[in-house]
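Okay, so here's the structure we're looking at.
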Amino acid sequence: GAVVSQHPSWVICKSGTSVKIECRSLDFQATTMFWYRQFPKQSLMLMATSNEGSKATYEQGVEKDKFLINHASLTLSTLTVTSAHPEDSSFYICSARLDFNNEQFFGPGTRLTVL
Amino acid sequence: TQLLEQSPQFLSIQEGENLTVYCNSSSVFSSLQWYRQEPGEGPVLLVTVVTGGEVKKLKRLTFQFGDARKDSSLHITAAQPGDTGLYLCAGTDSWGKFQFGAGTQVVVTP
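Residue numbers (this note's numbering), protein chains in the order written: chain A, 19 to 133; chain B, 1282 to 1391.
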């Protein structure tokens, strides 16, 4: 299957700092990538849809100025959590979609802990 | 609002038993996927079903897509501890919106 990587796999930061998470499709090109957030024992919650070469589409309730998304190439999307606070601590997962059949393949996730 | 309803939310069984997880919706889906997720990892795609009435088998796992493409089920035969995980259904509806179900946590004890 298609492979998606995320970096870093985990990060601990101080409150008020910014953290960048990278999502890469390793063996295919993805016009569309997605960013999800997952709390313990819950399902994935879509935060935003990342479109190559254009602005991301954010879900209701997700602050676009706080969660900056850049999709500069067909294999890379980045999520920057700006001025992170403890309530931003979560498991962030990205996915990349195959254009021909809409299947999504997920990265391994990034565990963010804000102190 | 969750378009995809999964049941049960939690299932604990002994090794060797069978189990079924259901995924239901009032909407029609052009395709539906099943994923398994283990703690601290991303979801892994198990199968995609696209045709109403379709049945797919993956070793001890059997996936079925309802005739009307509004529901799906996952059946595991002779479950093993390695089947433990969070099972998620997800689908793309007729408006192109992709959404996950709430998930079913399956625990298989030896």
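Heads up, the beta-carbon is just placed ideally off N, CA and C, and yes, glycines get one too.
| query | result |
| --- | --- |
| Could you please tell me which residues of the stretch 1360-1383 of chain B, in chain order, have their CB closer than 9 Å to any CB of chain A? | Leu1367, Leu1369, Ala1371, Thr1373, Gly1377, Phe1379, Gln1380, Phe1381, Gly1382, Ala1383 |
| Is there a Cβ from chain A that is less than 7 Å from the Cβ of B:Gly1323? | yes |
| Enumerate, from N- to C-terminal direction, the unbroken beta strand (DSSP E) stretches of 3 or more residues contained entirely within the stretch 1353-1377 of chain B. | 1366-1374 |
| With DSSP as the reference, label A:Glu105 as helix, strand or coil. | helix |
| Tell me which residues share the same chain as B:Gly1382 and place their Cβ nearer than 8 Å to its Cβ, disregarding the 5 neighbours each side in the sequence. | Gln1283, Leu1285, Glu1286, Gln1287, Cys1304, Leu1369, Cys1370, Ala1371 |
| Examine the ligand NAD and report whether any of its heavy atoms sits within less than 6 Å of the Cβ of B:Trp1376. | With respect to small molecules bound, the structure shown includes none, and the ligand NAD cannot be examined in it. |
| Among B:Ser1311, B:Arg1317, B:Ser1308, which one has its Cα closest to the Cα of B:Asp1364? | B:Arg1317 |
| For A:Leu44, does the count of other Cβ atoms within 10 angstroms reach 16, so buried, or fall short, so exposed? | exposed |
| Would the stretch 38-57 of chain A and the stretch 1295-1309 of chain B be scored as touching if the rule is three or more Cβ pairs under 8 Å? | no |
| Output yes or no for whether 7 Å exceeds the beta carbon distance between A:Ile87 and A:Ala66. | yes |
| According to DSSP, which residues form a beta bridge with A:Phe57? | For A:Phe57, which the question treats as bridged, DSSP gives no partner whatsoever. |
| What is the rounded straight-line gap between the Cα of A:Val99 and the Cα of B:Ser1353? | 36 Å |
| Would you mind telling me which residues of chain E sit closer than 8 Å to B:Thr1329, beta carbon to beta carbon, in chain order? | Protein chains A and B are contained in the structure displayed, whereas chain E is not. |
| Taking the alpha carbon of A:Leu133 as the reference point, which residue from A:Phe118, A:Thr35, A:Ser61 has its own alpha carbon closest? | A:Thr35 |
| Check the C-beta distance from A:Leu69 over to A:Thr96 and give it rounded, since I have them as a contact under 8 Å. | A small fix is needed here, since residue 69 of chain A is Asn in this sequence, not Leu. A:Asn69 to A:Thr96, Cβ: 13 Å. No contact. |
| Strictly under 7 Å for the Cβ-Cβ distance: is A:Pro126 near chain B by that measure? | yes |
| By the criterion of Cβ-Cβ separation under 7 Å, what are the contact partners of B:Ser1307 in chain A? | By Cβ distance, chain A contributes nothing, its closest Cβ being about 18 Å from B:Ser1307, past 7 Å. |
| Check this for me: beta carbons of B:Val1325 and B:Leu1339, under 7 Å apart or not? | no |
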